[in-house]
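Heads up: the sequence shown runs through residues 1 to 664, numbered per UniProt numbering.
Glycine included, every Cβ here is placed at the ideal spot set by N, Cα and C.
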Amino acid sequence: MSNSLIAHAKRVAAQAALDFNEEHHPADDADTVYVRAGLAGCRDAREALPVAALLDALGPAGLRRIREEEGLAVVVEVPGPDWSTKIQMALGDLAAFAQVIVRTGARQDRPTEGNGTVASALSRGASIAGVCHAPARYLPATLVQAADLVVRIGPPSNRVVADVIKAVTGKRARRLPPAVAAGLSFDDITASIRMGTSPATCIARLQASARALSGGDALGEDVPDLASLYGYGAAMSFALALVRDLDEWRAGRLEFSQISKNCTLYSEPGLGKSSLIRSLAKAARVPLVSASVAELFTSSSGHLDGVLKAWEAKVAQAAAIAPSILFLDEIDSIPNRATMDNRARDWWSPFVNSVLASIDSTTSDITSKVIVIGATNHINMLDAALIRPGRLHPVIRIDRPDKDALVGIMRQHLGIDLQEADLSGVAQLGAGSTGAEVTAWIKTARSLARAEGRRMVLGDLIAQVAPAETRTPAEVRAIATHEAAHCVCAARLHVASMTSVTIADRRSSEGAARGIMTPRAFLTKTQLENVAVVALAGRAMDALVGAPHTGAGGGRGSDLDRATGIVVSLHTEFGLGDHLAYRGGNAEDAMRTDPALRRTVEADLLRLYAQATDLVRENRGVIEVLANRLVEARVLSGDEIRTIIEAGSTARGRRRRGGHHAAR
């Protein structure tokens, strides 16, 4: 039988079915006459599923309207882009339309395209339909606004699945697990329902597909409990509040729309953002769906329409299994439209807009139960629209763990090893390290002990946290005075509160001084320049006690890189130099392409370096005391740093007062 004859037979059978009394065949009946008639002639699941889903969404009244009314404007919303062409064919089989417009989110699919065609068809009294997973974003605006009938096809219900199984196998499924097709794509479902097999076998395949997906990322026994995590600060407070609110929602005491469910986490690399999200999903008892720009490219054709479809599929998957968490990792890969060059704008703008619109839909739609959380290592690179209130807001910073948190992290990863050991000293040695570094220490220590045929001992771990010294005493002393200068100058200029300083050789000849910037709503030119002075203080101390060396430079994140970046930004971004024009861009590009700016920045850096030199000379005594203690302990906490600096300030004050009295 030809396709046209099959389509004609379906329409005749569907019309005959509507002649029955609808009260005896309600739309929610899993075996209604009109559904059986509509599915008559479907040869396999790929034909039956779109018909069954469409009939289920239309109901008898909707089917009668598209069959009988003339000049009807119909919008059909489908679960995902992969459904669009299938529903288009099913719609054409069930009723006569002058045109069925299909939009899948391709680059050319815009609300401004095709409006003339829609208006022309409707003005002639012809019926026209549009099929899309996001009608308002992609279908012609005229069709959406003039729609007489909006049909929403959600993820296939058990009723639809049962209808398809009956049509394909000839037998009705007796019992289906709850939401058996939740989270599965069109291809997943149709691949599971096969001709020549039993309903039970089809159901088993659907369940196997669902288990393979696990609603997103698998959350196995290796995912630690949320309560066992350490060092997350405000991010942990957000996670615990979300778990508590979800429990309240399940108990019927809180509306889902009242839950604060979106945020952005940012930190340096290795501080466990992804680990926190996985533990959060486990504690909240919701599935986790992860997405990143890199994954969208690798899982698609790489062309714009393919990337958009891959993104829409992720959103649809999260929506199908909601309540769920949609985790957007490395969101700094989503370009910032404010700094995007014109060559990339035409390609990336539709993608950025699609991401923003999808996030909006999770917050503005009171029925949405998708939680969206972003993560980044580079908060300054994000598009401002992405993290504004109502989208991925609030923005929550995760700092490096303190000593107590490091002890907890080590305990978590050590398991049954070193249960009786006091880890506080090891944590002191490792102050300022990341959770990822802790994991690496423990893995390496275990591996070395295993190679010697024994259990790990505390010395194995210490050897990884602070390996045996290989540098000369002069090198250690030079690094200590360099880092001590940063600490003292930061305190003197009130730039930062130091949290730790270390000269422990962790496969590097460099030390590290870490602190938290003094919070200010705005920074003046002097305050910005003070930050640069602190960055240059290490080099100034190098010159004062010996000779400048490579410790202040060497690449991104070095002292010279940070000082240069601050001064460039002062002139190009903040309007605190000789010009008000905003030039933006990164420091390296600006210095390379603008000789005048390069001369100005160099002059400023030399002036600030002179200030740093005066400052370290004035505070040389306390810097050397701090350096001596650092050589001895290798790592100092923020409290010990402050104690030494305050003692030095007191002693300096007494000397000044004594000199003043002697002069009198």
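**Item:** Alpha carbon of R337 to alpha carbon of P350, nearest angstrom
**Value:** 11 Å
**Request:** For A30, I'd like the list of residues in its chain whose CB is within less than 6 Å of its CB, leaving aside the five on either flank, ordered along the chain.
**Result:** The predicted model places A30 with a pLDDT of 45, which falls under 50 and marks its position as unreliable, so this point remains unresolved.
**Asked** Touching or not, the stretch 276 to 295 and the stretch 416 to 430, by the rule of three or more beta carbon pairs under 8 Å?
**Response** No, the stretch 276 to 295 does not touch the stretch 416 to 430.
**Asked** Is it true that the stretch 558 to 571 meets the stretch 527 to 547, where meeting means three or more beta-carbon pairs spaced less than 8 Å apart?
**Response** yes
**Message:** Going by C-alpha to C-alpha distance, which of K273, A53, A182 and V74 sits closest to G233?
**Reply:** The option with the nearest alpha carbon to G233 is K273.
**Message:** Which same chain residues end up closer than 7 Å to D460 when comparing Cβ atoms and leaving out the 5 residues on each side of it in sequence?
**Reply:** Shown here for D460: same chain residues with a beta carbon closer than 7 Å to its own, the five before and five after excluded, namely A445, L448 and A449 in chain order.
**Prompt:** Below 8 Å between beta carbons: does that hold for A181 and P156?
**Reply:** yes
**T367, buried or exposed, once every other Cβ within 10 Å from all chains shown has been counted against 16** = exposed
**Request:** Counting only runs of 4+ residues fully inside the stretch 117 to 182, write out the alpha helix (DSSP H) ranges in chain order.
**Result:** Within the stretch 117 to 182, the complete alpha helix (DSSP H) runs of at least 4 residues are 135 to 138, 141 to 146 and 158 to 169.
**Message:** Nearest by alpha-carbon distance to T518: which of V533, V495 and T524 is it?
**Reply:** Distances from the CA of T518 to each of V533, V495 and T524 were compared; the closest alpha carbon is that of V495.
**Reduced DSSP secondary structure (H/G/I, E/B, other) of Q419** = coil
**Request:** Could you check if E77 is buried or exposed, using at least 16 other CB atoms within 10 Å of its CB as the buried criterion?
**Result:** With 16 or more other CB atoms across the displayed protein chains lying within 10 angstroms of its CB, E77 is buried.
**Unbroken beta strand (DSSP E) run spanning F351, endpoints** = Premise fails: F351 lies in the alpha helix (DSSP H), N342 to S364, not in any beta strand (DSSP E).
**First through last residue of the beta strand (DSSP E) which encompasses L326** = S324 to L328
**Message:** Short of 7 Å in beta carbon distance, which residues of its chain neighbour A98, apart from the five on each side in sequence? Order them along the chain.
**Reply:** A121, A126, S127 and I128
**Prompt:** Is the stretch 103 to 114 touching the stretch 52 to 71, taking contact as three or more C-beta pairs under 8 Å?
**Reply:** no
**Prompt:** Over what stretch of residues does the beta strand (DSSP E) that includes Y230 continue unbroken?
**Reply:** Taken as a continuous stretch (DSSP letters only), Y230 belongs to no beta strand (DSSP E), as it is neither H nor E.
**Request:** Note down the Cα distance separating L271 from P467, rounded to an integer number of angstroms.
**Result:** 22 Å
**Request:** Pair every Cβ in the stretch 339 to 354 with every Cβ in the stretch 202 to 213, then say whether three or more of these pairs are closer than 8 Å.
**Result:** Result no; under three Cβ-Cβ pairs closer than 8 Å.
**Message:** Let me confirm a value: H482 is counted as buried when at least 16 other C-beta atoms fall within 10 Å, else exposed. Which label applies?
**Reply:** buried
**Asked** Exposed or buried, what is T550 when buried is set at 16 or more other beta-carbons lying within 10 Å of its beta-carbon?
**Response** exposed
**Request:** Look at the Cβ atom of S500, then the Cβ atom of I516, and state whether they are nearer than 8 Å.
**Result:** no
**Request:** Between the Cα of R46 and those of C132, T190 and R137, spot the shortest distance and give me the residue it belongs to.
**Result:** Here the closest residue by C-alpha is T190.
**Item:** Closer than 8 Å to chain B by CB, A451
**Value:** Chain labels in this structure do not include chain B; a single protein chain is all it has.
**Distance between beta carbons of V395 and I379, contact taken as under 8 Å** = 7 Å
**Residues near V144 by beta carbon distance below 8 Å, same chain, minus five either side** = V75, P111, G130, P135 and A136
**Buried/exposed call for P595, threshold 16 Cβ in 10 Å** = exposed
**Prompt:** Would you report the Cα separation of A647 and E624, rounded to the nearest angstrom?
**Reply:** 13 Å
**Item:** Length of the line joining the Cα atoms of A17 and L54
**Value:** Note that A17 scores a pLDDT of 41, beneath 50, so its modelled location is shaky; the value from the coordinates is reported in the next line. Taking the straight line from one Cα to the other gives about 16 Å.
**Prompt:** Do A627 and A484 come within 8 Å of each other at the CB atom, strictly closer than that value?
**Reply:** Judged by their CB atoms, A484 and A627 are nearer to each other than the 8 Å cut-off.
**Item:** C-alpha distance - L414 paired with T169, whole-angstrom precision
**Value:** 54 Å
**Prompt:** Taking C-beta to C-beta, are A316 and P79 nearer than 8 Å?
**Reply:** yes
**Prompt:** Which ranges does the alpha helix (DSSP H) cover as unbroken runs of at least 4 residues, wholly within the stretch 531 to 574, from first to last along the chain?
**Reply:** 559 to 572
**Item:** S260 versus A61: straight-line alpha-carbon distance, rounded
**Value:** 39 Å
**Asked** For G648, which of helix, strand or coil comes out of DSSP?
**Response** helix
**Request:** Could you check which residue in D417, W347, V407 and I334 has the C-alpha nearest to that of A384?
**Result:** It is I334 whose Cα lies nearest to the Cα of A384.
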